[in-house]
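Trainee:
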Amino acid sequence: MESGKRGLTLENVIKIARGLEVEPIELTDEFDHEALSLAGDMPSLLKPARKTGDVENLNIVSGAGGGGLLSVEYTDDGELLDPSMSDGFWSFPETIKAGWPNLNRIKAVPVIGDSMEPTVKKGSTVFVDTDHVFPSPEDIYACDYGDGLVIKRLKLVPRTDDILVISDNKERYGEPDRLSRRDVRVYGRIVAWFQWRG
Numbered sequence: 021m022e023s024g025k026r027g028l029t030l031e032n033v034i035k036i037a038r039g040l041e042v043e044p045i046e047l048t049d050e051f052d053h054e055a056l057s058l059a060g061d062m063p064s065l066l067k068p069a070r071k072t073g074d075v076e077n078l079n080i081v082s083g084a085g086g087g088g089l090l091s092v093e094y095t096d097d098g099e100l101l102d103p104s105m106s107d108g109f110w111s112f113p114e115t116i117k118a119g120w121p122n123l124n125r126i127k128a129v130p131v132i133g134d135s136m137e138p139t140v141k142k143g144s145t146v147f148v149d150t151d152h153v154f155p156s157p158e159d160i161y162a163c164d165y166g167d168g169l170v171i172k173r174l175k176l177v178p179r180t181d182d183i184l185v186i187s188d189n190k191e192r193y194g195e196p197d198r199l200s201r202r203d204v205r206v207y208g209r210i211v212a213w214f215q216w217r218g
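Note that this note's numbering has the sequence shown beginning at 21, numbered continuously upward.
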C-alpha cells in the first residue's frame, strides 16, 4: 500500500481494523471521522461467504465415548444465531454435491473419543444430515441420551418402543444401552466422514 500503486480504500481500512481488532479511526486520518465511524459499524466484511453447496463446519465437538457439546441454534432461514459456532465451510466437487440434494442441512462436526472405532476414528469429521432425525432400523447418528452430543450406532428394537445405542468399539465399551426411543434425541444421520489414515 505504501508503494503508491494502490490507494488505501475505506474497505481496506475496515478489513485491516477488523483483523487487528481496533477501531478504523485508530488507523488513518485519510477519511473523515464520520465516514470511518459509519464504516466501522457495517457488518463484517470478513465473514466467510457461504456458497451454495458448502457444508458448514461447526465449532463444537461430538463425542465417540464420553459425550461432546451441543448448543447450536439457527434462525428460520438456516443461519447460525451465534456465528462463532462455525469456523468455516467444506466445499465439494459437483459430482459429490449431486448425491446430497440439500447440502444446507448437512453440518460437519469433529469427533473426539474412540467408542466408534474402527468405524469412525477419533479426530474424524462427520457429516450430519440434520433432516434425518428419525432412526431407520440401524445406522450411525449424532444423538444425545444424557451425555451430550455423541456419535453412535442406533438400532430399533422390533415391536417395542426401545432403541439400542451401540458403540462399535465393543471391546472397550461393552454391550449396547437399551433405552426408550423418547430418551434419545437424534440430531441427524451420519452420511459421510473424513478421517486421516495416519
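C-beta atoms are modelled at their ideal positions from N, C-alpha and C, and glycine is treated no differently.
Just to confirm, are Pro-138 and Asp-188 a CB contact at a threshold of 8 Å?
Mentor: The sequence position of residue 138 within the sequence shown is 118, counting from 1. The sequence position of residue 188 within the sequence shown is 168, counting from 1. Yes, Cβ-Cβ distance for Pro-138 and Asp-188 is below 8 Å.
Trainee: Which two residues bound the contiguous alpha helix (DSSP H) that contains Thr-115?
Mentor: By one-based count along the sequence shown, residue 115 stands at place 95. Counting along the chain, the alpha helix (DSSP H) containing Thr-115 begins and ends at 114-117.
Trainee: Could you give the distance in angstroms between the alpha-carbon of Val-185 and the alpha-carbon of Ile-132?
Mentor: For the purposes of this step, residue 185 is taken as the residue at position 165 of the sequence shown. For the purposes of this step, residue 132 is taken as the residue at position 112 of the sequence shown. The alpha-carbon atoms of Val-185 and Ile-132 are separated by roughly 17 Å.
Trainee: Just checking my contact of Thr-150 with Lys-127 at CB under 8 Å: how many whole Å lie between their CB atoms?
Mentor: Here residue 150 is taken as the residue at index 130 of the sequence shown, counted from 1. Here residue 127 is taken as the residue at index 107 of the sequence shown, counted from 1. With a Cβ gap of about 6 Å, Thr-150 and Lys-127 count as contacting.
Trainee: Do Phe-147 and Val-75 have their C-beta atoms closer together than 8 Å?
Mentor: The residue you call residue 147 lines up with position 127 of the sequence shown. The residue you call residue 75 lines up with position 55 of the sequence shown. Yes.
Trainee: List the residues that DSSP assigns as beta-bridge partners of Asp-159.
Mentor: In the sequence shown, counting from the first residue as 1, residue 159 sits at position 139. In DSSP, Asp-159 forms a bridge with Leu-174.
Trainee: From Gln-215 to Phe-112, what distance separates their C-alpha atoms?
Mentor: Residue mapping note: residue 215 aligns to position 195 of the sequence shown, counting from 1. Residue mapping note: residue 112 aligns to position 92 of the sequence shown, counting from 1. Rounded to the nearest angstrom, the two C-alpha atoms are 16 Å apart.
Trainee: Helix, strand or coil for Leu-89, going by three-state DSSP, please let me know.
Mentor: Within the sequence shown, the letter at position 69 stands for residue 89. Here the model assigns Leu-89 a pLDDT of 45, short of 50, so the residue's position is not dependable, and the following value carries that caveat. Looking at Leu-89 - three-state DSSP - the assignment turns out to be coil, as it is neither helix nor strand.
Trainee: Is the beta carbon of Tyr-165 closer than 8 Å to that of Arg-209?
Mentor: Translated into the one-based positions of the sequence shown, residue 209 becomes position 189. Translated into the one-based positions of the sequence shown, residue 165 becomes position 145. Against a cut-off of 8 Å, the Cβ pair of Tyr-165 and Arg-209 comes out as no contact.
Trainee: Is Leu-7 helix, strand or coil when you go by DSSP?
Mentor: Since the first and last residues shown for the chain are 21 and 218, residue 7 lies out of range.
Trainee: Which of helix, strand or coil does DSSP assign to Asn-77?
Mentor: Position 57 of the sequence shown, counted from the first residue, corresponds to residue 77. Strand.
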